[in-house]
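A.B. asks: The working numbering puts the sequence shown at residues 55 to 431. Glycine included, each C-beta is placed from N, C-alpha and C at the ideal position.
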Amino acid sequence: MINNPFVLVGDIPAPYFCDREQEIARLIKGMQGGENICLVSARRMGKSKLVKHCSLLPELSDNYYFFYVDLLHTSSLRDFSFAFGRCVFNALQSKGEKFVRQFLSAVHSLTATMTIDPLSNMPQFGLSLNQDAQAEYTFESIFRYLESADKPCIVCFDEFQQIAKYPEKNVEALLRSHIQHMRNARFIFSGSERHLLEEMFNSSSRPFYNSTSYMELAPIPEEKYVDFVCYWFEQYDKHIDKELVQLIYSIAEGNTYVMQRICHELFDELAAGATADRQALTTIVNGIIESETPRYARILSHVPERQQSLLFAIAKEGKVQKIMSGPFLRKYHLMSSSAVQNAIKHLLELDLVTLENKQYTVADIFLRMYINRICEK
Ligand SMILES: Nc1ncnc2c1ncn2[C@@H]1O[C@H](COP(=O)(O)OP(=O)(O)OP(=O)(O)O)[C@@H](O)[C@H]1O
Ligand SMILES: [Mg+2]
55 MINNPFVLVG DIPAPYFCDR EQEIARLIKG MQGGENICLV SARRMGKSKL
105 VKHCSLLPEL SDNYYFFYVD LLHTSSLRDF SFAFGRCVFN ALQSKGEKFV
155 RQFLSAVHSL TATMTIDPLS NMPQFGLSLN QDAQAEYTFE SIFRYLESAD
205 KPCIVCFDEF QQIAKYPEKN VEALLRSHIQ HMRNARFIFS GSERHLLEEM
255 FNSSSRPFYN STSYMELAPI PEEKYVDFVC YWFEQYDKHI DKELVQLIYS
305 IAEGNTYVMQ RICHELFDEL AAGATADRQA LTTIVNGIIE SETPRYARIL
355 SHVPERQQSL LFAIAKEGKV QKIMSGPFLR KYHLMSSSAV QNAIKHLLEL
405 DLVTLENKQY TVADIFLRMY INRICEK
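(1) Taking the beta strand (DSSP E) that M254 belongs to, which residues open and close that run?
(2) Evaluate contact between the stretch 259-271 and the stretch 416-429, counting only Cβ atoms and requiring at least three cross-stretch pairs below 8 Å.
(3) Is any heavy atom in ligand 2 found nearer than 8 Å to the beta carbon of D212?
(4) Exposed or buried, what is D212 when buried is set at 16 or more other beta-carbons lying within 10 Å of its beta-carbon?
(5) Taking Cβ to Cβ, would you say S265 is nearer than 9 Å to R230?
(6) Can you list, in chain order, the residues of its chain whose CB lies under 8 Å from that of Q361, leaving out five sequence neighbours each side?
(7) Does at least one heavy atom of ligand 1 sit under 8 Å from the Cβ of G100?
(8) If contacts are defined as beta-carbon pairs under 8 Å, then L114 and R140 qualify, I think. What distance do you get, rounded to the angstrom?
(9) On a CA-only basis, which of A328, Y424 and E319 is nearest I368? Give me that one, please.
(10) Okay, do the stretch 126-133 and the stretch 209-227 touch, 3+ Cβ pairs below 8 Å being the bar?
(11) Can we count S109 as close to ligand 2, meaning its CB is less than 8 Å from some heavy atom?
(12) Would you mind giving the Cβ-Cβ distance between F420 and I343, rounded to the nearest angstrom? I have them listed as a contact below 8 Å.
(13) Between which two residues does the beta strand (DSSP E) containing F179 stretch?
(14) Kindly indicate which residue of C207, K370 and R248 has the alpha-carbon position closest to the one of M236.
(15) For a minimum of 3 consecutive residues, which ranges assigned as the beta strand (DSSP E) are wholly contained in the stretch 231-301?
(16) Along the chain, where does the alpha helix (DSSP H) that runs through M85 open and close?
(17) Given this structure, state the Cα-to-Cα distance separating D133 from V357, to the nearest angstrom.
(18) With distances taken Cα to Cα, identify the nearest neighbour of L227 among R248, Q300, A160 and F193.
(19) In angstroms, rounded to a whole number, what distance separates the CA positions of F71 and I294?
(20) Alpha carbons only, please: which of L298, I353, R349 and E371 is nearest the one belonging to L335?
(21) For the stretch 243-259 against the stretch 85-99, are there 3 or more C-beta pairs whose distance is under 8 Å?
(22) Do you know how far the Cα of F120 is from the Cα of K106?
(23) DSSP three-state label for D133, please.
(24) Among F153, N340, Q216 and M176, which has the Cα closest to the Cα of L200?
(25) When DSSP labels each residue in this structure, what does D212 get in the three-state scheme?
(26) Taking only heavy atoms of ligand 1 into account, decide whether any of them is closer than 8 Å to the Cβ of R352.
(27) With distances taken Cα to Cα, identify the nearest neighbour of F197 among E319, S135 and V312.
(28) Using the rule of at least 16 other Cβ atoms within 10 Å of the residue's Cβ for burial, across every protein chain shown, is R422 buried or exposed?
(29) Candidates R384, I78, S391 and D116: which alpha carbon is nearest K205's?
(30) Sort K412, I66 and S159 by Cα distance to K373 and report the nearest one.
(31) Check whether the Cβ atoms of V61 and H387 lie closer than 9 Å to each other.
(32) Bridge partners of V416, per DSSP?
(33) What whole-angstrom Cβ distance do L164 and L183 have, given they're in contact under 8 Å?
(34) By DSSP, does D124 sit in helix, in strand, or in coil?
(35) Using DSSP with H/G/I as helix, E/B as strand and the rest coil, what is V61?
(36) With a CB to CB cut of under 7 Å and the five nearest residues on each side skipped, what residues in its chain are close to Q300?
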């Protein structure tokens, strides 16, 4: 048994992975049926962990090669092509030198590098993208390589909305033109910036229109999460009442990361044989907000005043639909509706605010609590 059954970082060992039975079945069925799937949810609901969890299940791991490409820190087509190449390269390293050599000879723009790690004095193998490499060509050769693999492939492009932010304008069309011809690979496109992904996949003028099934990851159902938490507390001879877990679920609004973080800390603080109570929960939530305070203060110091006033107003309301309506503007002494329109655009870009079901909210629940506390003072 691991020290804490509520895993916050790294891979989640299967027994500590909560529910998602329907979503797992849906993803596996989709992959087996040759679908491509776009997986969307609010931040930190569990998309990345879900995809990784599925990739390790025998239904997929026995029959497919799986490649997980994180696009979060990419900002150009060149970055993307390199991230993709590196991902395939790393996956092939565990299969042996022959596979790596075949791959590098198929993708000329990538070169293996060897450096000596100064700390351990051991050789380290890496990959570099040639200076003059054409991203289009790199993509083409990687896709061609996957097409010739001896098993079908699943490629997950996580944080796929990044491609809409690249300076190049033809990225979607370029990818679509490859992907539509692939016979040996299925794709999962996942991300949290719903407005960008929805536009990309659901508007008829865009290359990806109608090419992909859309899958929304909702919160884990409350009963499932409550049973999961009670079960693991009991396994370690610690105790928690259902009602307290329900309260955690409602504070977290069902956000997987937020509930797991609270449970992780509550579990840590609780002695064996003891029962968690409301006082302990309050202490934990206060402690989390306190530990995040320097980071939140830094974030807010970079937000101009007008945007801050709007952010604070949204935090106070919890969820708001009509941010440009007269009553809302007057209630929070906001400037004109055009100033609000401008401010909301920036807050969305900074990912401080999200738009869910036509309602604006402060995406990070602890940040929302922090703002409401400083406003009360
Ligand atoms: N099924 C699960 N069981 C237990 N914990 C989970 C599960 N899914 C997610 N988590 C927890 O929630 C956290 C966030 O999950 P994950 O990183 O997969 O979310 P995400 O939707 O990809 O977030 P982002 O939008 O930031 O990319 C994980 O670190 C883990 O603590
Ligand atoms: Mg993720």
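C.D. replies: To lay it out plainly:
(1) The residue given as residue 254 occupies position 200 in the sequence shown. Where M254 is concerned, there is no enclosing beta strand (DSSP E), although the alpha helix (DSSP H) it sits in stretches over R248 to N256.
(2) no
(3) In the sequence shown, the residue the question calls residue 212 occupies position 158. The answer is yes for D212.
(4) Translated into the one-based positions of the sequence shown, residue 212 becomes position 158. Classification of D212: buried, given that the 10 Å Cβ count is 16 or more.
(5) If you number the sequence shown from 1, residue 265 lands on position 211. If you number the sequence shown from 1, residue 230 lands on position 176. Yes, the pair counts as a contact, with Cβ atoms nearer than the cut-off.
(6) Mapped onto the sequence shown, residue 361 falls at position 307. Once the five neighbours on either side are set aside, the close Cβ partners of Q361 are A397, H400 and L401.
(7) The count along the sequence shown starts at 1 and reaches residue 100 at position 46. For ligand 1, at least one heavy atom lies less than 8 Å from the Cβ of G100.
(8) For the purposes of this step, residue 114 is taken as the residue at position 60 of the sequence shown. For the purposes of this step, residue 140 is taken as the residue at position 86 of the sequence shown. Contact doesn't hold; Cβ gap of about 22 Å is too wide.
(9) Numbered from 1 along the sequence shown, position 314 holds the residue referred to as residue 368. Among A328, Y424 and E319, the Cα nearest to that of I368 is on Y424.
(10) yes
(11) As a first step, residue 109 must be located in the sequence shown, where it is residue number 55. Not under cutoff, so the answer is no.
(12) Working through the sequence shown from its first residue, we reach residue 420 at position 366. Working through the sequence shown from its first residue, we reach residue 343 at position 289. That belief holds up - the Cβ atoms of F420 and I343 are roughly 6 Å apart, short of 8 Å.
(13) Taking the sequence shown and counting its residues from 1, one reaches residue 179 at position 125. Where F179 is concerned, the enclosing beta strand (DSSP E) stretches over P177 to L183.
(14) The residue labelled residue 236 in the question sits at position 182 within the sequence shown. Nearest option by C-alpha distance: C207.
(15) 239-245 and 267-270
(16) As a working note, residue 85 is residue 31 in the sequence shown. It spans E75 to Q86 - the alpha helix (DSSP H) in which M85 sits, taken as one unbroken run.
(17) As a position in the sequence shown, residue 133 is number 79, starting the count at 1. As a position in the sequence shown, residue 357 is number 303, starting the count at 1. Going from the Cα of D133 to the Cα of V357 covers about 28 Å.
(18) Counting from 1 along the sequence shown, the entry for residue 227 is found at position 173. Here residue 227 is Ala; the residue named in the question, Leu, does not match the sequence. Comparing Cα positions, the closest option is F193.
(19) As a first step, residue 71 must be located in the sequence shown, where it is residue number 17. As a first step, residue 294 must be located in the sequence shown, where it is residue number 240. F71 and I294: Cα-Cα distance of roughly 19 Å.
(20) Position 281 of the sequence shown, counting from 1, holds the residue named residue 335. Closest by alpha carbon: L298.
(21) yes
(22) Translated into positions along the sequence shown, residue 106 becomes position 52. Translated into positions along the sequence shown, residue 120 becomes position 66. Going by the C-alpha atoms only, they are around 9 Å apart.
(23) Here residue 133 refers to the residue found at position 79 of the sequence shown. Of the three classes helix, strand and coil, the one that applies to D133 here is helix, per DSSP.
(24) What you label residue 200 is simply residue 146 of the sequence shown in a count that begins at 1. It is F153.
(25) Looking up residue 212 in the sequence shown gives position 158. D212: strand per DSSP, three-state reduction.
(26) As a working note, residue 352 is residue 298 in the sequence shown. False, no ligand heavy atom lies under 8 Å from that Cβ.
(27) In the sequence shown, counting from the first residue as 1, residue 197 sits at position 143. When only C-alpha atoms are compared, the closest one is S135.
(28) Along the sequence shown, read from residue 1 onward, the residue named residue 422 stands at position 368. Buried, by the Cβ-count rule.
(29) As a working mapping, residue 205 is identified with position 151 in the sequence shown. Closest by alpha carbon: D116.
(30) The residue given as residue 373 occupies position 319 in the sequence shown. The shortest Cα separation from K373 among K412, I66 and S159 belongs to K412.
(31) The residue labelled residue 61 in the question sits at position 7 within the sequence shown. The residue labelled residue 387 in the question sits at position 333 within the sequence shown. No; because the gap between Cβ atoms is not below 9 Å, this pair is not in contact.
(32) The residue labelled residue 416 in the question sits at position 362 within the sequence shown. In DSSP, V416 forms a bridge with V407.
(33) Looking up residue 164 in the sequence shown gives position 110. Looking up residue 183 in the sequence shown gives position 129. Confirmed, Cβ separation roughly 6 Å.
(34) The residue given as residue 124 occupies position 70 in the sequence shown. Strand.
(35) Numbered from its first residue, the sequence shown carries residue 61 at position 7. Note: V61 maps to coil in three-state DSSP.
(36) What you label residue 300 is simply residue 246 of the sequence shown in a count that begins at 1. Only E276 and V280 meet the Cβ criterion.
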